[in-house]
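Peer 1: First, the structure itself, so that you have it in front of you.
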Amino acid sequence: MCNSKPRVEVHGGDLRSFFTLIMIDPDVPGPSDPYLREHLLDCRYDIPGTTDCSFGRVWLGMKCQGQI
Numbered sequence: 001m002c003n004s005k006p007r008v009e010v011h012g013g014d015l016r017s018f019f020t021l022i023m024i025d026p027d028v029p030g031p032s033d034p035y036l037r038e039h040l041l042d043c044r045y046d047i048p049g050t051t052d053c054s055f056g057r058v059w060l061g062m063k064c065q066g067q068i
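Going by UniProt numbering, the sequence shown opens with residue 1, and the numbers climb by one from there.
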């Protein structure tokens, strides 16, 4: 759960280049005992270069407060 989505801009390439963004939490459930290790939070793909991740396709979207 997050309060607001992070802002991500893709620099480099051009509109013919496509990128993938994968966000993980490396210490689930907490930093003192990360027994689950990596938890996938967000995965977006086909993000055109020189845009932001809102232009990509969502495979798994991050949940923020107020979203279900």
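Idealized CB from N, CA, C, for every residue including glycine.
Remember, predicted model here, so these are calculated numbers, not experimental data.
Compare the Cα-Cα distances from R37 to each of D52, F19 and D25 and report the closest residue.
Peer 2: By one-based count along the sequence shown, residue 37 stands at place 37. Of the listed residues, the one whose Cα sits closest to R37 is D25.
Peer 1: Just to confirm my understanding: we take S17, look at its own chain, exclude 5 residues before and 5 after, and list those with CB closer than 6 Å. What are they?
Peer 2: By one-based count along the sequence shown, residue 17 stands at place 17. Excluding sequence neighbours, S17 sits near G49.
Peer 1: T51: which of L15, P31 and S4 sits nearest, CA to CA?
Peer 2: To locate residue 51, count along the sequence shown from 1; it is residue 51. For T51, the nearest C-alpha among the options comes from L15.
Peer 1: Spatial neighbours of R44 within its chain, please: C-beta separation below 6 Å, excluding the five flanking residues on both sides.
Peer 2: For this step, residue 44 is matched to residue 44 along the sequence shown. L21, C53, G56 and V58.
Peer 1: Under 8 Å, do D42 and P34 count as touching if we go by C-beta distance?
Peer 2: Along the sequence shown, one-based indexing puts residue 42 at 42. Along the sequence shown, one-based indexing puts residue 34 at 34. In this structure, P34 does not lie closer than 8 Å to D42 by Cβ.
Peer 1: To which residues of the same chain is M23 closer than 6 Å at the C-beta, ignoring the five residues directly before and after it?
Peer 2: Within the sequence shown, the letter at position 23 stands for residue 23. Answer for M23: L41 and D42, listed in chain order.
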